[in-house]
Amino acid sequence: MTRAIIHVDMDAFYAAVEQRDYPAYKSRPVIVGADPKAGKGRGVVAACSYEARAFGVRSAMPISRAYRLCSHAIFLPVRMDRYDEVSEEILRIFRRYTDLVEPLSIDEAFLDVSGSTGLFGEPARIAHRIKAEIWQEERLTASVGVAPNKFVAKIASDLKKPDGLVVVRPEEVAAFLADLSVACLWGVGTKTAAILQALGITTIGELARWPEDALSRRLGALGGHIHRLSRGIDDRPVIGEAMAKSMGAETTFSVDCEDARHIRQTLLRLTERVSVRLRREGCAGATITLKLRFADFTTLTRSCTVREPIAFTEHIYARALVLLQKVPLRRRKVRLVGIAVSKLTAKTSPGQIPLFPSDPRTEKAAAAVDEIRRRFGEAGLVRASLLPPRSRGTKR
116 MTRAIIHVDM DAFYAAVEQR DYPAYKSRPV IVGADPKAGK GRGVVAACSY EARAFGVRSA
176 MPISRAYRLC SHAIFLPVRM DRYDEVSEEI LRIFRRYTDL VEPLSIDEAF LDVSGSTGLF
236 GEPARIAHRI KAEIWQEERL TASVGVAPNK FVAKIASDLK KPDGLVVVRP EEVAAFLADL
296 SVACLWGVGT KTAAILQALG ITTIGELARW PEDALSRRLG ALGGHIHRLS RGIDDRPVIG
356 EAMAKSMGAE TTFSVDCEDA RHIRQTLLRL TERVSVRLRR EGCAGATITL KLRFADFTTL
416 TRSCTVREPI AFTEHIYARA LVLLQKVPLR RRKVRLVGIA VSKLTAKTSP GQIPLFPSDP
476 RTEKAAAAVD EIRRRFGEAG LVRASLLPPR SRGTKR
């Protein structure tokens with residue numbers, strides 16, 4: 116049976132959520148990320164609206180450059196909890212059509228709808244319905260590609276953004292790929308593209324006409340890989356709701372920081388963000404990794420692994436502090452701090468009963484906090500230790 120794979124990619128997701136939540140931002144350039152501080156800010160652009168892209172702003176661009184390109188834009192901080200919440204609603208729409216949903220990130224996923232056509236019609240019809248329901252229920256647009264495999268579906272979804280839908284039927288794959296640049300092939304970077312160009316290969320169709328063994332002699336295993344892709348061959352399955360290998364968060368300080376207390380406070384804030392996401396996804400992790408980048412741009416990581424996977428802020432933060440204490444910070448200014456949890460397992464997966472199970476009161480308290488923040492946002496409940504000094508102890 117020919118597979119039917121759908122790739123859904125939300126359009127300018129973070130910025131689109133902000134424009135939807137705040138109608139005054141609609142049709143205006145919106146840049147989500149670090150504080151630009153009048154062109155002197157640090158950090159990067161996390162996302163930007165299409166109105167901002169018209170000025171040359173792009174994701175991962177230094178925020179200072181984005182400000183120079185579009186100083187009149189609306190600059191907003193990242194609201195990851197909000198984006199996670201909206202992402203989960205969109206995933207629920209996907210699950211109406213198939214159990215084989217493989218999220219790639221917060222704003223894109225593959226769906227295998229090969230077994231869904233009997234209920235919902237041909238793959239193109241399913242893609243239309245998904246796009247329509249995302250708009251009707253979330254007031255957001257998505258670009259969608261439909262094809263016999265992941266590779267072609269991913270390329271198809273990129274071709275007509277925003278709000279695009281491109282369907283590539285099995286018999287159309289070769290013609291669809293033929294005139295596209297070899298840079299579209301997964302694994303072809305700047306160096307490989309230069310090698311191929313020296314061979315007179317600039318399009319996918321030209322590469323497909325080359326003998327596979329000739330490419331393999333020049334490029335090794337990569338040669339065989341890209342030759343198969345050039346012919347539209349990609350047998351990788353869609354792995355239903357595959358658990359992320361890790362979850363993490365990091366931030367760049369607006370000014371290089373040498374205040375140990377502020378570094379610890381920032382680490383706690385990041386740990387709490389990761390912990391909330393872990394619980395929302397129903398998983399826990401056994402390896403905790405601390406990341407520090409110093410003013411001279413040297414980067415250091417330290418990790419530890421616990422016997423039983425953990426998901427609560429207090430448990431993760433305690434290990435992170437131990438890692439932090441092993442790093443000599445005296446007279447060193449920190450530019451970036453991050454925390455990640457990996458070796459993830461589902462909290463409901465079978466396994467050995469923990470020798471020291473979690474305190475039920477901790478679980479109930481965490482569940483209550485998660486529900487308050489789900490209803491009222493991240494600011495609905497804040498740890499006292501994370502409040503600004505002047506806010507502590509004031510009556511509200």
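So the mapping is simple: the numbering used here equals the position in the sequence shown, first residue as 1, plus 115.
Backbone N, C-alpha and C fix where the C-beta goes; we use that ideal spot for every residue, glycine too.
- Boundaries of the alpha helix (DSSP H) harbouring residue 307: 305-313, taken from the DSSP string.
- Considering only 186, 229, 245 and 351, the residue with the shortest C-alpha distance to residue 154 is 186.
- The three-state reading of DSSP puts residue 246 in helix, counting H, G and I together.
- In the DSSP assignment, residue 195 falls within the alpha helix (DSSP H) that extends over 195-210.
- Within 10 angstroms of the beta-carbon of residue 404 lie 16 or more other beta-carbons, which makes it buried.
- Within the stretch 252-317, the runs of beta strand (DSSP E) that reach at least 3 residues and sit entirely inside it are, in chain order, 257-262 and 280-282.
- DSSP, read as helix, strand or coil, puts residue 431 in helix.
- Here the stretch 197-211 makes contact with the stretch 120-133; the two share three or more CB pairs at distances below 8 Å.
- DSSP places residue 144 in the coil class of the three-state scheme, outside both helix and strand.
- In this structure, 283 is the residue among 212, 283 and 387 with its C-alpha nearest to the C-alpha of residue 262.
- In the three-state reduction of the DSSP assignment, residue 394 falls in the helix class.
- By the neighbour-count criterion, in which a residue is buried when 16 or more other Cβ atoms sit within 10 angstroms of its Cβ, residue 397 is exposed.
- CA-to-CA, the gap between residue 430 and residue 406 works out to about 18 Å.
- Counting along the chain, residue 344 sits inside the alpha helix (DSSP H) bounded by residues 336-345.
- The C-alpha of residue 437 lies about 52 Å from the C-alpha of residue 327.
- Counting C-beta atoms within 10 angstroms of its own C-beta, residue 119 has 16 or more neighbours from the protein chains shown and is therefore classed as buried.
- In the DSSP annotation of this structure, the continuous segment of the beta strand (DSSP E) that includes residue 190 starts and ends at 189-191.
- Residue state for residue 413 is assigned as coil, using DSSP reduced to three classes.
- A check of alpha carbon separations from residue 291 across 312, 279 and 320 identifies 320 as the nearest.
- With fewer than 16 other Cβ atoms from the protein chains shown falling within 10 Å of its own Cβ, residue 377 counts as exposed.
- 245 is the residue among 245, 203 and 220 whose C-alpha sits nearest the C-alpha of residue 121.
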